[in-house]
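Down below is the structure, laid out as structure tokens.
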Amino acid sequence: MLIFFFTSLIALSNAQALTILIDPGHGGEDDGAKAKTIGRVPEELIREKDIALSISKKIYDKLQAKNYTVFLTRSFDRTVSLPERAAIAEKTKADLFISVHINSSPESGAVGFETYYLDNHNDVAIKKVEKTENVQMKGDEVVVQQILVDLVVEQTVSTSKPLAQNIHSEIKNSVGRKYGIPSRGIKPGLFFVLALSKRPGVLLEVGFISTQKERVRMMDPKFQDDYASAVVRGIESFLKSRQQHKPRIKTKKRH
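For the sequence shown, the positions run 1494 to 1748 when my numbering is used.
Right, dumping it as structure tokens:
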């Protein structure tokens, strides 16, 4: 018997009472996407795990400054498995889960930012995601987690999708315009890190480490600060829009 417990679908009369978990992608033995700098001697290896951590820390600091309860799944370069990230979500009793990643593509000159929310009803998105962020999931684990995904999607999509929309809109209207970065849209995707967290959440793809100009930009502390500020504004915009909603606690069982 598998029993899954889900968090409340967010009462926001006191938004600062919420707990927000920021998840820097990869870490430790897992570099994530990576690329070498061009035109520098010696060459420098740029890694997704480092950029994701730097941006995540800035989001964390900005939310803390606004008196939110905030946690990080990692605050330094260490290996954290997908189940461990889920356990942190349980331990911290997180209400929202924000996972930060950096994109990569074999396509020359790929640019832009995109925002994902958990959904398993889009074959194109699922295939893309299964090839990238779910590399830790193997064999029978995938089957079990796909059962979990169905349950979590039912519970969280009505919260995760508008959260994604609010965050993406802020990034597009501020960072996108300021730096001339195209939006690649808000997309459903099968991310097991979101499913395992069992929380409303989003996965942010900041830009393409495989493209030189994006790689350089994402390493810039000023860009990172601007991006983090946009994410925080998006979270607050989402919370404001939900302030009149009453909490609903659901428990889902599967025999």
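Ideal placement from N, C-alpha and C gives every residue a C-beta, glycine not left out.
DSSP, reduced to helix, strand and coil, places Lys1654 within a helical segment of the structure shown. Distance from the CA of Pro1693 to the CA of Asp1719, rounded to the nearest whole angstrom, comes to 24 Å. Among the bridge pairs identified by DSSP, Val1695 is matched with Ile1591 and Tyr1610. For Gly1525, DSSP assigns no beta-bridge partner whatsoever. Per DSSP, the unbroken alpha helix (DSSP H) holding Leu1546 starts and ends at Glu1541 to Ala1558. Secondary structure at Gly1727: helix, using DSSP grouped into helix, strand and coil. The beta carbon of Ser1653 sits closer than 7 Å to the beta carbons of Tyr1610, Leu1611, Pro1693, Gly1694 and Val1695 from its chain, once the five residues preceding and following it are set aside; these are given in chain order. Take Arg1540, set aside five residues on each side of it, and the residues of its chain with a beta-carbon closer than 6 Å to its own are Asp1524 and Lys1527, in chain order. Per the coordinates, the alpha-carbon of Ile1544 lies some 8 Å from the alpha-carbon of Ile1595.
Looking from the CA of Val1573, the closest CA among Phe1606, Gly1518 and Leu1589 belongs to Gly1518. In the DSSP assignment, Phe1564 is bridged to Leu1514.
Here Leu1538 is exposed. Its C-beta has fewer than 16 other C-beta atoms within 10 Å. For Lys1706, no beta strand (DSSP E) run applies; the uninterrupted alpha helix (DSSP H) run containing it begins and ends at Gln1705 to Met1711, by DSSP. Around the beta carbon of Lys1584, a 10 Å sphere encloses fewer than 16 other beta carbons of the protein chains shown; the residue is thus reported as exposed.
Counting along the chain, Pro1681 sits inside the beta strand (DSSP E) bounded by residues Ser1676 to Gly1682. Rounded to whole angstroms, the gap between the alpha carbons of Val1668 and Tyr1561 is 23 Å. For the 8 Å CB-CB criterion, Arg1708 and Gly1605 do not form a contact.
For the options Ile1591, Leu1546, Ala1603 and Phe1731, the alpha carbon positioned closest to that of Leu1687 is the one of Ile1591.
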